[in-house]
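Residue numbers (the numbering used here), protein chains in the order written: chain A, 112 to 480; chain B, 112 to 480; chain C, 452 to 852; chain D, 452 to 852. Idealized CB from N, CA, C, for every residue including glycine. Encoded as structure tokens, the structure appears first; notes follow it.
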Amino acid sequence: MDFDFTEEQQLLRQTVERFVADRYDFDARRKIIAQEPGWSRAIWSDLAGLGLTALLVPEAQGGLGGTPVDALAALEPLGKGLVLEPVLASAIVAATLIESAGDAAASAALLPDLASGERIFAPALYERAARYDLSAPGTRARRQGAGFALDGAKTAMCGGGAADVFLVSARLDDGLALFAVPADAPGLLVQRERGYDGTPVATLLVDDVKLGADARIGADATAAVARARDVAVAGLAAEAVGAMRQTVALTADYLKTRQQFGRPIGSFQALQHACVDMFVASEEAWSAAILAAARCLDPDARTRMRAVAAAKATINRCARLVGQKAIQLHGGVGMTDEYAVSHYFRRLAAIERLFGDTDYWLKEYARAG
Amino acid sequence: MDFDFTEEQQLLRQTVERFVADRYDFDARRKIIAQEPGWSRAIWSDLAGLGLTALLVPEAQGGLGGTPVDALAALEPLGKGLVLEPVLASAIVAATLIESAGDAAASAALLPDLASGERIFAPALYERAARYDLSAPGTRARRQGAGFALDGAKTAMCGGGAADVFLVSARLDDGLALFAVPADAPGLLVQRERGYDGTPVATLLVDDVKLGADARIGADATAAVARARDVAVAGLAAEAVGAMRQTVALTADYLKTRQQFGRPIGSFQALQHACVDMFVASEEAWSAAILAAARCLDPDARTRMRAVAAAKATINRCARLVGQKAIQLHGGVGMTDEYAVSHYFRRLAAIERLFGDTDYWLKEYARAG
Amino acid sequence: MNLSYDDADEAFRGEVRAFVAAALPEATRRKVLGGFELDKHDMQGWQKALHRQGWGAPSWPKAFGGPGWTPVRQFIFDEECAMAGAPRLLPFGLKMVAPVLMAFGSPEQQQRFLPAIMSGEDWWCQGYSEPGSGSDLASLRTRAERRGDVYVVNGQKTWTTMAQYADWMFCLVRTDAAAKPQAGISFLLIDMRSKGVTVRPIRLMDGGCEVNEVFLDDVEVPVSLRVGEENKGWTYAKYLLGHERTNIAGVGLSRRAVADLKELAARETIDGAPALADPLFAARLAEAEIALDILEITNLRVISEDAKGDRRGPGPAASILKLRGTEIGQAISELAMQAMGENAMPFDRDRMVGEVAGNRDDAAAAATPVAAEYLTLRKTTIYGGSNEIQKNIIAQTVLGL
Amino acid sequence: MNLSYDDADEAFRGEVRAFVAAALPEATRRKVLGGFELDKHDMQGWQKALHRQGWGAPSWPKAFGGPGWTPVRQFIFDEECAMAGAPRLLPFGLKMVAPVLMAFGSPEQQQRFLPAIMSGEDWWCQGYSEPGSGSDLASLRTRAERRGDVYVVNGQKTWTTMAQYADWMFCLVRTDAAAKPQAGISFLLIDMRSKGVTVRPIRLMDGGCEVNEVFLDDVEVPVSLRVGEENKGWTYAKYLLGHERTNIAGVGLSRRAVADLKELAARETIDGAPALADPLFAARLAEAEIALDILEITNLRVISEDAKGDRRGPGPAASILKLRGTEIGQAISELAMQAMGENAMPFDRDRMVGEVAGNRDDAAAAATPVAAEYLTLRKTTIYGGSNEIQKNIIAQTVLGL
């Protein structure tokens, strides 16, 4: 029983914190948003320089061989800075997908670039109609000669707008297969957008996209996809906590500063208690993030499922509570684009929906028993 | 569009209000509770004298031929007084059951006694296993000669502990039938208890209870049972509002009186807002009671169903909110049996479960579309 | 006790419905129903169309050119317009400055301003809030110094909705700095084309710019454009707060939002079936719709009370309607976000402007209005007296706390 | 970062489990699991059994005869006892007066009182609250006048849990009426058999009488039974508040309540299937259980922090655990009420007393404990510093508001 980061993890966390403080304050972030494409390759290189892109990649492929707890240490400060660059998508989710598929050739071909940050990877596992169900995509792969042809439509709401390569799940021979598809593959129509939270997202139209045999990653992808989803929840939870903590801090500061009726509004008990609710939620969220990080790879399926479900359901509830109360306590100024809290609100709203909403995870938890 | 009571309804309401104020204050009620059976035949006679037992009985059977809106006027003040005597059970639910069954002989045999208060009737429609579903009881009736024999088990949580006659629903020939069963019928084991809210309740074991042909009320009872349930919701809603309003008043008074930290606790904003939430809920509950009273007999099934479902779901939510916050705002004193608010809390908790809980009615509402 | 509209009111409803169906431009209707951005032309066009019908000022008495409708008919009118996808009538002229002018304005002011409000010619905005005074309105600092026949106004207003389109602003200013906060305030009407008026848009998190900062630098306002007496402005401002009780709950708008949500939830799927059929989603939707059913009754209760007398001042009823109306509106928008799930993400405000694409294959065009609605509705529990302020009002006026 | 207990702790858990299984009387266990009333014999018997094992004071350091367990082990011990249906150890002696005696009591007081607490011989109750002072503890009015070697105490205490069984009461009294409220308070130990002590039970709405009023009329208390200095009692009382952080959240008890609830919901039916299979009920249950999973992590975080140093003062962590622990406990009891529906109605407190009937055909015997639990748990958000007070503490100490 131990709730401390190791010295290495503390160092990692401090490094990212310092990076965010020095290079990614609110003004710097606004400048990135003001330009196309809304995120920065230069920042990405810097993040790679800090080792973040290599975090979960095995050492054999040039990575750091880190764990979800390492990711917890690194992503919490990224969440605090509302970093737009796709660390979660590429370094956490895509890395886990590739590594979990257990395909030596694919790992050798993809992971070094992923680890170095040379290429950005994003999962394209979800689909509009299938909602949060990852097991039975409508997108289909046909065998064609030695290779494959893919047809369908995917969403890539986690970092997809910044991806050089998509990891696309598709149905093949009644099983689930995973393919590495370059963003510029002929037949792949990538509609890049920004999310309402400012992050780069994409929807994909997959129209007879022809791929070589080596594009397929591993055999049946069911386990890898599930594993990546669980690790994704842990990473997203870490990011969420960072965002929540900063939102609580901004709100408490505002309550101390803003004067109405001749006194700081933080002296009104109803507002105090609302801010306390936010603080308590952020503490619960941290417990949830710890739970997910510690258990998302647990070999026991029930333990893993309950932990991931409990964590994401909690993160979702707390994200909504913290975001909504923060806006309410700020009043009008919280609604403005100029003021940081509106950006935290938007990101927290997105986090609530990514990788499964509350009802989805409540059902999964009940199913796990 | 008109939200006023008629002059007659106002008079009725005032009469009941005065009765409660004069004869049924908290001390009088405690004396009744302190003795067996926990309710008072004398009070029942008085209530009959005010015409309450005759409220919904057609004039032809010695009743007042009233409507659910008349019941709204009469039951709201009864709720305010937490009157224990089974007006809802006998004068509202049982009267509707008998009258709706459209059986002239049964009406002539039963309703005059019901109207005069001579005999007390209670519905025995629910069963432990069937929960809130009234359509398919496990209790069965067999034909036996010209009469019937009944077997099964029923609950009578609305006034059952005070009943002279139970109106028992049972399955007969794959249909639903209704029977008037005297409390002392051989084979009927009546387990009389008090509810946690102090009201008289009962569970029935029905072991080969032999009844004459005239015990059956009407033909298929499906419509009558549904109708009685809808009218019951309206009556219970009226009672609930009376209880909620009194709870809000008690709580606001307490907040003004109770001193802590050198000032009345009602000066603390968090407590003020909690009390405001209670008040708003009591206003919503009144709207719900109006909706139910006005629409519980609406000929259009969807209109009726939506109104009754909306009303009960709202009453349930508001009853819980008002009751729980009242205890919290009172602190320890609110938990004591000596103090009125604990009795309101208990009754409101019971109201939340009677004639369908929140989830039941949310589903019914969704089903109505 | 009767919840049904009488025949005459039902006939009136039919008349409104038929008129709106005929008179509302299709392009405007599609924008409203699609959640797209309306421009001034859309809104003004609808105001003018109503005016031609004699319905330009639904809440006004006949004496001032209104139709003299009962509160019930005003409610029916609002509901029908909302359900049909008509633009919401802007309240700043019709429901805010107009009642003040009717009650406290000079005959000249009434003649000069009321007809142009009704016709849609003059657009108004509200100059109440300032950067330092939100809930604490009386702490406002904008100063008006009298110099002969004019006031010279200096200060800053904020959260000024539609100021970019407005011809006039009604405005609270401090005319006596020495008096107690509420005693030194006057109520001025300011021509937005006056020298010294600068409007700077504020971008909100939904990407829209409907609110503004308004800077007032040595703006000269003729004394004849002061409403009522000097230093009595607080009285007039208070008269206005909570004056409006027929439409404050937004029942019609929420009804349309529920209808939209049900359509959305019939299209979007959960576990392979329409979201509408998912037990949890269905229950959450039922909760919201039930709350709205109950709110409608509460609203009608208030209206029917208003219709009996002239209990027109602010009151706890308005606070209840505001509290629950805004909470329910927000709940519905949350469910729309839930129904879309991840697919609500792509956001491009530009695709909410101009002609409606109506292309559901365009993920951002389909998603943006849903997310924008969720984001923008957060303001409803803040503005018009935050919901915390409404609770303070109820605590004081009803509960005596 | 490691959420698993180490092998030694797991072995310890096994040891506790085995001991409880062997030593806990079956009758007591059945009463606890059935939600029935425990009498003094049940509770004292268990305390004595633990004492024989050397576990009579799980939270005490070795120096005072405790086992010297780490906070983690104390947590494991509490969890195992709760899950197995052991009576909850009464905190008044073990966790309230004992730490104060250890920190501030004289060696004579320590020797005289601590062993009898650990052995279960002496029962204690807490004389803090008074009719006029609940959340505002410092406003207490019970007065102690010094007359030679004794204090003469007059006043009234209330909400005194278990006073009817208690041998001793630790008590806050005012010894200096002239001083500021918190400065004139002393901490006395009062023999409940003293002349002038009258105990009057208070019946609560769950039908039970575990709390009392205690009247003190000219009660003589030897000065040697004052803890610490005169007029410094507030310091000792504060030391105590929030001192306890291993079991304040009640995770073990809520775990057992969830297990009970699942059994109940497997028996009770909704729409013809077990309540557990109903999507709405299942989701509500999942919400509560998830909240408990998270609370357990939060609790373990606090404990593990405590284990590192002696950060033993009151703090916001205790407030969070108290807030969420009580809310979750109440939520679970609400779900039990929902699972029973109407069938929770029959209520007869007498059937919770004495030998457990275990007869599920007896509607009142099956229902009463469920309803009684719902009713009694309302107190948890009130006592021990109401949840509003806890929020005030967090607002001040963490957020600086």
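Within the same chain, and ignoring the five residues on either side of E128 of chain A in sequence, the residues whose Cβ sits closer than 6 Å to its Cβ are P188.
Put simply, the CB of H384 of chain A is near chain D, with a gap under 7 Å to one of its CB atoms. Ranked by how close their Cα comes to the Cα of E719 of chain D, the residues D:A817, D:N750, D:A589, D:R481 have D:A817 in first place. Sorting C:M452, C:S590, C:V601, C:R651 by C-alpha distance to the C-alpha of K631 of chain C places C:S590 at the top.
Here V665 of chain C carries a strand assignment [DSSP, helix/strand/coil]. Restricting attention to B:I328, B:G443, B:Y471, the CA atom closest to the CA of G585 of chain D is found in B:G443. Taking a Cβ-Cβ cut-off of 7 Å, Y135 of chain B has no neighbours in chain D, whose nearest Cβ is about 20 Å from it. Per the C-alpha coordinates, the member of B:H384, B:A437, B:P179, B:D409 positioned closest to Q847 of chain C is B:H384.
L158 of chain B and A260 of chain B have their C-alpha atoms roughly 35 Å apart. Judged by their CB atoms, I209 of chain A and L199 of chain A are not nearer to each other than the 7 Å cut-off. For E118 of chain A, the uninterrupted alpha helix (DSSP H) segment begins and ends at 118-134. In this structure the region 288-307 of chain A does not touch the region 344-360 of chain A; the number of beta carbon pairs closer than 8 Å is below three.
For the pair V670 of chain D and S645 of chain D, the CB atoms are nearer than the 7 Å cut-off. A Cβ-Cβ separation of about 15 Å leaves L454 of chain C out of contact with R413 of chain B under the 8 Å criterion.
Straight-line spacing of the CA atoms in W397 of chain B and F463 of chain C works out to 28 Å.
Under the criterion of beta carbons closer than 8 Å, A787 of chain D and M803 of chain D do not qualify as touching, at roughly 15 Å. By the C-beta density criterion, L122 of chain A is exposed, having fewer than 16 other C-beta atoms within 10 angstroms. In terms of Cβ geometry, F528 of chain D and P509 of chain D form a close pair [threshold 7 Å].
Against chain A, the CB of W610 of chain C has a partner CB under 7 Å away; the residue lies at that interface.
A296 of chain A and Q439 of chain A have their C-alpha atoms roughly 46 Å apart. By the beta-carbon neighbour count (other beta carbons within 10 angstroms, threshold 16), F290 of chain A is buried. Excluding sequence positions up to five before and after Y450 of chain B, its CB lies within less than 6 Å of the CB of V444, all in the same chain and listed in chain order. Contact between G272 of chain B and P148 of chain B holds, since their C-beta atoms are separated by about 7 Å, short of 8 Å.
Annotation: A363 of chain A to G377 of chain A spans about 8 Å, alpha carbon to alpha carbon.
The criterion of a C-beta distance shorter than 7 Å is not satisfied by P197 of chain B and G263 of chain B. By the C-beta criterion, the region 562-570 of chain D is judged to be in contact with the region 510-526 of chain D, since at least 3 inter-stretch pairs fall below 8 Å. Taken through DSSP and simplified to helix, strand or coil, I636 of chain D comes out as strand. Nearest CB-CB separation between S156 of chain A and chain C: not below the 7 Å threshold.
In this chain, the alpha helix (DSSP H) harbouring S398 of chain A covers 380-406.
Not one beta carbon of chain A lies nearer than 7 Å to the beta carbon of A589 of chain D. In the three-state reduction of the DSSP assignment, D284 of chain A falls in the coil class.
The beta-carbon of P797 of chain D is placed less than 7 Å from the nearest beta-carbon of chain B.
One thing to note: G174 of chain A has its Cβ within 7 Å of the Cβ of V168 of chain A.
In the DSSP annotation of this structure, M553 of chain D is not part of any beta strand (DSSP E); the continuous alpha helix (DSSP H) holding it starts and ends at 549-555. For L245 of chain B, no chain D residue has a Cβ inside 8 Å of its Cβ, as the nearest lies near 12 Å away.
Closest in C-alpha terms to S784 of chain D, from the list D:L746, D:A710, D:I840, comes D:A710.
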